[in-house]
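Residue numbers (the working numbering), protein chains in the order written: chain R, 4 to 334; chain U, 10 to 208; chain A, -5 to 200. Ideal Cβ positions, reconstructed from N, Cα and C, are used throughout, including at glycine. Single-structure report; data block below.
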Amino acid sequence: MNIFQRMQNIDRRWIYLVVALCIIIPLLIPFNSKTYVTDPSSNLYQKIDSFAGKEDKAVLLSFSHDASTMAELFPMEVSILRHCFERNIKVFTICFSPPSAPLMAYALNVAKEDYPNSQSGVDYCNFGYKPYGLFLPIVLGMGDDVAEAVQTDADGRKIKNLEIMNGIRNYDDLNLIVDFAASAAVFSWITYARVRFGANVAAGVTAVMAADNYPYLQSGQLVGMLSGLKGAAEYEKLVDVFAAYEDADNPNGRKYSPEVIKDTWVPIMSKKISYDSSQGNIDTDVPLPYKFKMARIGMNAQSIAHIMIIVFIILGNIGYFTTRKKPDETI
Amino acid sequence: MLEFISNLIAAILTLFIFSFLYKDNPFYRFAEHLLVGVSMGYAIPLVYINAFIPFVYRPIFLEGNLWLIIPSCIGILYIFRFTRNLSWLSRYPIAFGMGIVGMGVPMSMHSSVLVQMRNAMRPIDSINSFLIFIGTVSILLYFYFSKPHKGLYGKFTNVGIWFMMVGFGASFGYTVMARISLLIGRIQFLLGDFLGLIK
Amino acid sequence: MKRQIPLIIVITLGFLFVAHTFIPSKASVDFYDWWVSWAKAISPFAVVLGILSLFMVHGTKIQRKAPNWQYSVVTLLALVVTAVSGFAWGTNEGTPFLWLFQNVQMPMSATMFSLLAFYIASAAYKAFRAKSPQATVLLIAAFIVMMGQVPIGAAISKWIPETAQWILNVPNLAAKRGIATGVGLGMTATSLKILLGIERTYLGSD
């Protein structure tokens, strides 16, 4: 048996061991890496950012996934919530499946820890879990009156009495829905909220779903999209570079600029946010806790793992083609 | 202390599931069955509190809306699904919910077909828009089986296969990323939340 | 009675919903409100199906002392303990019910899916073969998209993420639009078949 034949018959557990090591080592020894921001992510960022400080504009985050895909979706949920808290953007959360409810509460708790001034019922509101039987009545009802359709929040308070509802009546105000899902759940929002009421819809999806959504991005049915852990890493960077930016001229963040995002990168090894660009380096005192860079740290391991998969495919093919029986030349 | 115990239990159960990678074993089977039980048990109180109380109990017994006894009885018919002679009764609640397809037909036609078609017919002003147009049309024709795929027509539909292969390749690339991300999440939990090795 | 009446219900409600979508009027809004209140009252009972099914499968295993019946006890016990804890102490933050979900269900569910990372790596080594020109194109597109997503790809060359985005925005978009349109037409056709009573498999067999 030559080396190629032996390679073909290797025990799968050795492959598993290599996979584990390729992920454990880069996580234990983190390193700075650059995150390339794509248009679907920056479009979503810009749309949300256009609501900054506006009384009559809000974002609705719909959680349509369970814990199985939390690794991909949780960092993007935290990043978007952080963006909203940083830029005083009204944000609502809702879910229609029981396992999503604790994930939604968890994402809110993790993001708001660093924003003690953001108050429930004033700056954000968790509508809580609503049974799936209410999906259509709520989605269609919000086209007329959000408070009437949803009735109560997760704490049992009447929505219409909450301060956050000043200026928020229907999809003209609750102008963007971001659905986080490992499925095609976002299409229910497109089919009912967008077709009937013209609401803006965006998706935060697991990477498995991402490639299928490109026709909907081009048609404008999705105003933006975050694709898996990469999308989360991109949004983390966007928030660091713009929403969390602080200086004398821009005490509450700065406006999005395609040149700045292309030129600037944020070293993730640092405990405080710092900006590295061709214009020079800026160090700030703004903390950069692990929870706001977990997707980017994860992407380091992702780099190594992708190379590993490509090497596996190449090695597997070399083994296959070298050990494949050659056709009998006498025939 | 509670956080440590919670993380410890979560970590042990995580390792029980990972143990399947070595081979099937009692620890994995225990965790697998525990997962099914807890998942189902979790839904029961939530559905009771968020659906049964507000939509059945409160309107009928507290607000006196006796009409709702009828749909409640229809809902109870679900139970007959598992009987040998009366399982046909469970078709009634299914049929009641299925009626909503009437609303879905025009709306899904609009969102999935008409808007996509409109965007496929954009003016061709660049090589990219030309490629998108050719790709979309050739794939649609590839799935049109009423005409044999022969000659020039066959060659054109063959172009669709190449576009699909690139599309499937993109999906495969993204799928690899997704699966690896899920593992990264668990390793981040074990090394970070549990062992405190990632700061 | 067994098949005809459910079919008549679907067809009647279906056409009323078509009318509701196209003809806005008070009658159509009243019809919709009525349907919603009834659908809401029916919906909680669907969960009984899941519970009964689980109890029947695992109960039979325990009763017959089938191989590995002990694990069925674990499933049923976990179900009962979780449900009872929710009824006894509520479902809010800090309750045993939520603790069970957060520290038992969530980590196990996430880990179960993370096993797929190992399987896809194993499949990459043992199964993904460039046996034909089409398969080779698929693998090359996959390589570029994979490298275009990760920081190391951008570090090697800025062309890698840009080419990956081009693949996603042009050939992938064309492919997915062609497929999505076909699927959309198929879904609409199936819905129409249900609406017209031609498609009846959802009612189950006799």
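What three-state label does DSSP hand Y127(R) in the structure shown?
As a position in the first sequence, residue 127(R) is number 124, starting the count at 1. If DSSP states are grouped into helix, strand and coil, Y127(R) belongs with the strands.
Cβ-based neighbour list, L162(A), same chain, cut-off 8 Å, excluding 5 preceding and 5 following
On the third sequence, position 168 is the one that residue 162(A) refers to. V139, listed in sequence order.
Can you tell which of F112(A), H14(A), K(-4)(A), H52(A) has the C-alpha that lies nearest to the C-alpha of Y31(U)?
Within the second sequence, numbered from 1, the residue matching residue 31(U) stands at position 22. The candidate whose alpha carbon is nearest that of Y31(U) is F112(A).
Output, in chain order, the set of chain A residues within a Cβ distance shorter than 8 Å of Q125(U).
Walking along the second sequence from the start, residue 125(U) turns up at place 116. Here the neighbours are R171, A174, T175, G178.
In its own chain, which residues sit with a C-beta less than 6 Å from the C-beta of Q11(R), not counting the 5 before and 5 after it?
For the purposes of this step, residue 11(R) is identified with residue 8 of the first sequence, where counting begins at 1. G322, T326.
Could you check whether the Cβ of R131(U) sits closer than 8 Å to any Cβ belonging to chain A?
Within the second sequence, the letter at position 122 stands for residue 131(U). Not closer than 8 Å to any Cβ of chain A, the Cβ of R131(U) fails to qualify, so no.
Option nearest N59(U) by Cα separation, candidates V41(A), I45(A), L46(A)
In the second sequence, counting from the first residue as 1, residue 59(U) sits at position 50. Answer by Cα proximity: V41(A).
List the residues that DSSP assigns as beta-bridge partners of A66(R).
For this step, residue 66(R) is matched to residue 63 along the first sequence. It is Phe, not Ala, that sits at residue 66(R) in the sequence shown. Beta-bridge analysis with DSSP links F66(R) to C98(R), F183(R).
I'd like the span of the alpha helix (DSSP H) that includes M107(R), first residue to last.
Indexing the first sequence from 1 puts residue 107(R) at position 104. Where M107(R) is concerned, the enclosing alpha helix (DSSP H) stretches over 103 to 115.
Interfacial residues, the region 314 to 328 of chain R to chain A, with Cβ spacing under 7 Å:
Cβ contacts with chain A: F315, I316, L318, G319, N320, Y323.
What is the rounded straight-line gap between the Cα of F138(R) and the Cα of P127(A)?
Translated into positions along the first sequence, residue 138(R) becomes position 135. Translated into positions along the third sequence, residue 127(A) becomes position 133. Straight-line Cα distance between these residues: approximately 46 Å.
With respect to the alpha helix (DSSP H) encompassing L229(R), which residues constitute its N-terminal and C-terminal limits?
For the purposes of this step, residue 229(R) is identified with residue 226 of the first sequence, where counting begins at 1. Run containing L229(R): none in the alpha helix (DSSP H); it sits in the beta strand (DSSP E), 228 to 230.
On the CB-based measure, 16 or more other CB atoms within 10 Å of its CB, does Q221(R) come out buried or exposed?
Locating residue 221(R) in the first sequence gives position 218, where the first residue counts as 1. It is buried - the Cβ of Q221(R) has at least 16 other Cβ atoms within 10 Å.
Which of the three DSSP states is assigned to Y323(R) in this structure?
If you number the first sequence from 1, residue 323(R) lands on position 320. In this structure, Y323(R) counts as helix in the three-state DSSP scheme.
Would L336(R) count as contacting chain U if we go by Cβ distances under 8 Å?
Nothing about residue 336(R) can be read from this structure; chain R reaches only from 4 to 334.
Neighbour-count burial assignment, V240(A), 16 or more Cβ in a 10 Å radius
Within the shown structure, residues of chain A are numbered from -5 to 200, placing residue 240(A) beyond reach of any answer.
Strictly by DSSP, which residues pair up with G207(R)?
The count along the first sequence starts at 1 and reaches residue 207(R) at position 204. For G207(R), DSSP records a beta bridge to F183(R), L229(R).
Kindly indicate which three-state DSSP category I276(R) falls into: helix, strand or coil?
Numbered from its first residue, the first sequence carries residue 276(R) at position 273. The answer is strand: DSSP assigns I276(R) an E or B state.
What is the DSSP secondary structure of K240(R), reduced to helix, strand or coil?
The residue you call residue 240(R) lines up with position 237 of the first sequence. In this structure, K240(R) counts as helix in the three-state DSSP scheme.
With a 10 Å radius around its C-beta and 16 neighbouring C-beta atoms as the bar for buried, classify L190(A) as buried or exposed.
Locating residue 190(A) in the third sequence gives position 196, where the first residue counts as 1. L190(A) should be labelled exposed.
Assuming N97(A) and A179(U) are in contact, meaning their beta carbons sit under 8 Å apart, how far apart are those beta carbons, in whole angstroms?
Taking the third sequence and counting its residues from 1, one reaches residue 97(A) at position 103. Taking the second sequence and counting its residues from 1, one reaches residue 179(U) at position 170. The C-beta separation of N97(A) from A179(U) comes to about 37 Å, leaving the pair out of contact by the 8 Å criterion.
Nearest candidate by alpha-carbon position, reference K133(R), set A152(R), D148(R), M302(R)
On the first sequence, position 130 is the one that residue 133(R) refers to. For K133(R), the nearest C-alpha among the options comes from A152(R).
Is there a Cβ from chain R that is less than 8 Å from the Cβ of Y57(U)?
Here residue 57(U) is taken as the residue at index 48 of the second sequence, counted from 1. Chain R contact via Cβ: absent.
Taking only three categories from DSSP, how would you classify T224(A)?
Since the first residue shown for chain A is -5 and the last is 200, residue 224(A) is missing from the structure and cannot be characterised.
Assuming V81(R) contacts K240(R) under a Cβ cut-off of 8 Å, what Cβ separation, rounded to an integer in Å, is found between them?
Mapped onto the first sequence, residue 81(R) falls at position 78. Mapped onto the first sequence, residue 240(R) falls at position 237. With 8 Å as the limit, V81(R) and K240(R) do not qualify as a contact, their Cβ atoms being about 14 Å apart.
Return yes when the Cβ of Y278(R) is within less than 8 Å of the Cβ of Y48(R), no when it is not.
Counting from 1 along the first sequence, the entry for residue 48(R) is found at position 45. Counting from 1 along the first sequence, the entry for residue 278(R) is found at position 275. No; because the gap between Cβ atoms is not below 8 Å, this pair is not in contact.
Flag A35(A) as yes when its Cβ comes closer than 7 Å to any non-hydrogen atom of the ligand SAM, and as no otherwise.
Questions concerning the ligand SAM fall outside what the structure shown contains, since it holds no ligand whatsoever.
Three-state secondary structure (DSSP) at V269(R)?
Start at 1 with the first residue of the first sequence, and residue 269(R) comes out as number 266. Of the three classes helix, strand and coil, the one that applies to V269(R) here is coil, per DSSP.
What three-state label does DSSP hand D42(R) in the structure shown?
Locating residue 42(R) in the first sequence gives position 39, counting from the first residue. Note: D42(R) maps to helix in three-state DSSP.
Nearest to I83(R) by CA position, among N164(R), Y19(R), Q154(R), D182(R), is which residue?
The residue labelled residue 83(R) in the question sits at position 80 within the first sequence. The option with the nearest alpha carbon to I83(R) is D182(R).
Alpha carbon of V146(U) to alpha carbon of M302(R), nearest angstrom
Position 137 of the second sequence, counted from the first residue, corresponds to residue 146(U). Position 299 of the first sequence, counted from the first residue, corresponds to residue 302(R). Counting only the Cα atoms, M302(R) lies some 37 Å from V146(U).
So, N173(R) versus G146(R), is the Cβ gap smaller than 8 Å?
Taking the first sequence and counting its residues from 1, the one referred to as residue 173(R) is at position 170. Taking the first sequence and counting its residues from 1, the one referred to as residue 146(R) is at position 143. Contact: yes.
Which runs of the beta strand (DSSP E) at least 3 residues long sit entirely within the region 10 to 95 of chain U? Give them in chain order.
Uninterrupted beta strand (DSSP E) stretches at least 3 residues long and entirely within the region 10 to 95 of chain U do not occur.
Suppose the cutoff is 6 Å on Cβ atoms and the five residues either side in sequence are ignored; what does the same chain contact list for F203(U) look like?
If you number the second sequence from 1, residue 203(U) lands on position 194. The beta carbon of F203(U) lies closer than 6 Å to those of N16, A20 in the same chain, with the five residues before and after it left out.
Check the DSSP bridge columns for T155(R) and list the partner residues they point to.
In the first sequence, the residue the question calls residue 155(R) occupies position 152. Per DSSP, K161(R).
Can you list, in chain order, the stretches of the alpha helix (DSSP H) that have 4 or more residues and sit fully within the region 7 to 57 of chain R?
15 to 31, 42 to 52
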